[in-house]
Every structure is written in C-alpha cells, then in structure tokens.
Amino acid sequence: MKGVTATALAEEIGDRLKQARLYRNLTQSEVAEFAGIARKTVLNAEKGKVQLTIMIAILMALDLTQQIDLFLPKQEISPLQLAKLQGKKRQRASGQRGNKDEETPEW
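Residue numbers (the numbering used here): 13 to 119.
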C-alpha cells in the first residue's frame with residue numbers, strides 16, 4: 013500500500029465502519045447510544061476523523077472487536093528470535109575491578 017496517505021487510509025476505515033453499521037441496519041444515533049458517544053462523533057468517525065478509543069467504542073457497539081485480530085494480528089516471536097533477544101547468559105563473574113589510585117603503591 014505504498015503511496016497511500018494516512019488520511020486516505022483513515023477515510024477508508026471510516027467508510028468500512030459506515031458499511032458495517034448499514035449492514036447491521038443501525039442508525040448513527042443507535043450506534044452512538046450503544047457506544048456512549050454523540051451522533052456527530054459517529055459521523056466524524058465515518059469520515060475517518062476519529063480517535064482510537066472512539067473507534068474501539070464504535071467497533072464494540074457494532075460487535076466487531078473480533079475483527080481486530082484480522083486487522084492487526086499479534087506478532088509471534090519465533091524461538092530463534094527469542095534466543096537472540098535474550099542474548100548469552102553469563103557463565104561466571106568477572107570480579108570487582110576498582111579504580112586504584114596510581115600514586116599510592118600497594119606494598
């Protein structure tokens with residue numbers, strides 16, 4: 013999807029919210045009531061002008077929260093990647109290395 017702007021993508025998501033609402037035969041007012049928001053907020057969301065928390069409230073009102081896994085699936089870490097992230101475990105201590113004053117001899 014290179015070349016697509018954030019605004020265009022937000023408008024597409026808003027349009028899909030509207031289509032989901034119409035598919036369920038709900039008015040903007042009904043969705044607003046279920047989500048606990050104003051009807052104008054639903055209208056703005058359908059135009060792609062919405063905050064994330066409001067979009068989630070609308071998804072909940074439309075019973076679409078199960079779609080989040082399709083929209084943005086969890087990124088699983090492979091065992092090999094996990095091992096690389098953990099790094100090598102220490103096998104022994106290096107001991108204390110203090111900054112010794114070079115002017116004072118230790119005899």
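In this text, a Cβ means the ideal position worked out from N, Cα and C, and glycines have one as well.
Alpha-carbon spacing of residue i relative to residue j, whole angstroms
i, j, result
"valine 62", "isoleucine 80", "17 Å"
"alanine 105", "proline 91", "27 Å"
"leucine 55", "asparagine 37", "16 Å"
"alanine 32", "threonine 39", "11 Å"
"arginine 28", "serine 41", "17 Å"
"leucine 84", "leucine 76", "13 Å"
"isoleucine 89", "threonine 17", "29 Å"
"lysine 86", "glutamine 78", "13 Å"
"glycine 107", "glutamine 93", "31 Å"
"leucine 64", "arginine 109", "51 Å"
"lysine 30", "glutamate 24", "10 Å"
CB contact flag (residue i, residue j, <8 Å)
i, j, result
"glycine 26", "alanine 57", "yes"
"alanine 22", "glycine 48", "no"
"threonine 53", "isoleucine 66", "yes"
Exposed unless 16 or more other CB atoms sit within 10 angstroms - verdict on residue i
i, result
"isoleucine 70", "buried"
"valine 43", "buried"
Residues near residue i in its chain [Cβ-Cβ closer than 6 Å; skip 5 each side]
i, result
"phenylalanine 46", "Ala73"
8 Å CB neighbourhood of residue i in its chain, flanking five on each side removed
i, result
"threonine 19", "Gly60"
"leucine 97", "Ile89"
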